[in-house]
């Protein structure tokens, strides 16, 4: 009986030893190269030694695996190393010069086909360094590789109303590494700013109430659909703003809507009216409204805004007086309009162009403080305007003067109405000497039709 028990124990131990995929050892071996250590036998596990390489040295090997991994003893305890890399069959992926989807694409921009690669390093967020015909490159097997053949915005969250990445500028056509997908078309991708969200084809959404659409993301922009309401229906949303605006595809092209209105602080006392006219009856028992937040739900191209009040929807115009008289003057003498505000060449011209000879003096249309004076750079709000000046006025508006030949003022300066601030030129995106003039209800964007404000 004792003999049978001993034989059974020997048989069990033999099976256990035979089925192990690792090789236990306890030996000292000299490693004649620098190497990284990892907490687990994986190139995507955390590195030891503070992320730094170990120098050439004798190591105490306590375990070896068939795929090249060794467990060694270090001052931090057991650590895993792989001196020659790990062979793995992979394919149908883009490779990059660095562990970032925004770095240069390797292999002349083409995908690698299925083949055996030798992996030699990695990162904890899934990137693997492997050997190629053009040297060591990086890939991320946790991502799906897609190509977007058009410019596209990226967002901080999977919403068109989230803040835009890349300083609000679109990304050029490129390959993207997708690490997460949502059913409504949103994809999480790697960028030079970290992970962001894109939606190349837009998001199908049912708009469950009637609404007005606008040519721009402003209640003071011209209405689309011949000024008529759109009825509830499905729309494809392709862009948006943090203030609630959505750009949708319509039968007449891409237009803007804002279903819930735009919260805005009106920074001055004002009268409200029953209609968008100074001759209509005053609201609020004829008293002024003090500066406060209002929800704007509609507007007109002449600057009127429909707001929600305690007595219902009313109208106000923060940029004009009761008499409707303008307080703005022409920015140049003997003005000659070459292009009005509105539709032009399939886009919207967001100001008025005054043609004039090079060097013609440009004057401040109204007194105010200079907030920008320089050459407009794309991604910073005034790209394409060339030499430009932006002035903030006490009525809550800004004026912009673009394509100047020279600037004769500085940021922070208080300028008087009629003061010369520059000279006419053709800098930036311009096809001839002229002044591009805008009136805006916010520092960047927010252009309104200047015509009602100027003494034509």
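Numbering (mature numbering (1 follows the signal peptide of the UniProt record, and there is no 0)), first residue to last: -24 to -1, 1 to 432.
Virtual Cβ for every residue (Gly too), placed ideally from N, Cα, C.
Note to self: Using a 10 Å radius around the Cβ and a threshold of 16 neighbouring Cβ atoms, would you call residue 71 buried or exposed?
What the structure shows: buried
Note to self: Pairs of beta-carbons, one from the segment 323 to 337 and one from the segment 354 to 372, closer than 8 Å: are there three or more?
What the structure shows: The segment 323 to 337 vs the segment 354 to 372: no contact.
Item checked: Beta-carbon contacts of residue 259 that lie in its chain and below 7 Å, excluding the five residues immediately before and after -> 248, 249, 250, 285, 287, 290
Notebook entry, point to check: If you compare alpha carbons, which of 14, 30, 85 is closest to residue 54?
Noted result: 14
Notebook entry, point to check: Looking at the unbroken beta strand (DSSP E) that takes in residue 151, where does it start and where does it end?
Noted result: 150 to 157
Checklist line | In chain order, each beta strand (DSSP E) run of at least 3 residues that lies wholly inside the segment 91 to 129 | finding: 91 to 98, 104 to 108, 111 to 115, 120 to 124
Note to self: Whole angstroms are fine: how far does the CA of residue 228 sit from the CA of residue 310?
What the structure shows: 38 Å
Check: What is the DSSP secondary structure of residue 71, counted as helix, strand or coil?
Finding: coil
Margin query: Measuring only the C-alpha atoms, how far is residue 350 from residue 147?
Written below: 25 Å
Next item on the list: Put residue 202 into one of helix, strand or coil per three-state DSSP.
Entry: helix
Checklist line | Option nearest residue 319 by Cα separation, candidates 136, 167, 165, 231 | finding: 231
Checklist line | Coarse secondary structure for residue 282, derived from DSSP in three states | finding: strand
Notebook entry, point to check: Would you call the segment 40 to 55 and the segment 68 to 82 touching, i.e. three or more CB-CB distances under 8 Å?
Noted result: no
Item checked: Span of the beta strand (DSSP E), counted from its first residue to its last, around residue 197 -> Per DSSP, residue 197 belongs to no beta strand (DSSP E) and is neither H nor E.
Next item on the list: Could you check the C-alpha separation between residue 360 and residue 385 for me, to the nearest Å?
Entry: Using only the alpha carbons, I get a separation of about 20 Å.
Note to self: residue 397 and residue 391 - do their beta-carbons sit closer together than 8 Å?
What the structure shows: yes
Item checked: Cβ-based neighbour list, residue 101, same chain, cut-off 7 Å, excluding 5 preceding and 5 following -> none
Notebook entry, point to check: Given residue 412, which residues of its chain have a CB within under 6 Å of its CB, disregarding the five upstream and five downstream residues?
Noted result: 327, 329, 378, 379
Check: For residue 404, does the three-state DSSP call read helix, strand or coil?
Finding: coil
Margin query: Do residue 98 and residue 20 have their beta-carbon atoms positioned less than 8 Å apart in this structure?
Written below: Going by C-beta atoms, residue 20 is nearer than 8 Å to residue 98.
Item checked: Residue burial classification, residue 365 (beta-carbon count within 10 angstroms, cutoff 16) -> Burial state of residue 365 is buried, judged by a 10 Å Cβ sphere holding 16 or more other Cβ atoms.
Check: Can you tell me whether residue 401 is buried or exposed, with buried defined as 16 or more other CB within 10 angstroms of its CB?
Finding: Burial of residue 401 is indicated by the presence of at least 16 other C-beta atoms within 10 angstroms of its C-beta.
Checklist line | Rounded separation between residue 145 and residue 132 - CA only | finding: So the two alpha carbons sit approximately 13 Å from each other.
Item checked: Length of the line joining the Cα atoms of residue 253 and residue 80 -> Near 58 Å, if we compare the C-alpha coordinates of residue 80 and residue 253.
Checklist line | Proximity winner among 211, 283, 207, 205, relative to residue 237 (alpha-carbon distances) | finding: The shortest C-alpha separation from residue 237 is found at 283.
Margin query: Quick check: what's the CA-CA separation for residue 347 versus residue 240?
Written below: 21 Å
Item checked: residue 54 - partner residues in DSSP beta bridges -> 49
Margin query: Can you tell me which residues form a DSSP beta bridge with residue 34?
Written below: 6
Notebook entry, point to check: Any idea what DSSP makes of residue 349, helix, strand or coil?
Noted result: strand
Margin query: As a quick exercise: from 202, 192, 331, pick the residue whose alpha carbon is nearest that of residue 324.
Written below: 192
Margin query: Can you confirm whether the segment 166 to 180 touches the segment 199 to 208 when touching is taken to mean that 3 or more C-beta pairs between the two stretches lie within less than 8 Å?
Written below: no
Notebook entry, point to check: Apart from the five residues just before and just after residue 187, which ones in its own chain have a Cβ nearer than 7 Å to its Cβ?
Noted result: 205, 206, 233, 235
Check: How many angstroms separate the CA atom of residue 332 from the CA atom of residue 293?
Finding: 32 Å
Notebook entry, point to check: Taking Cβ positions, are residue 77 and residue 152 nearer each other than 8 Å?
Noted result: yes
Notebook entry, point to check: Nearest-angstrom Cα distance between residue 67 and residue 61?
Noted result: 18 Å
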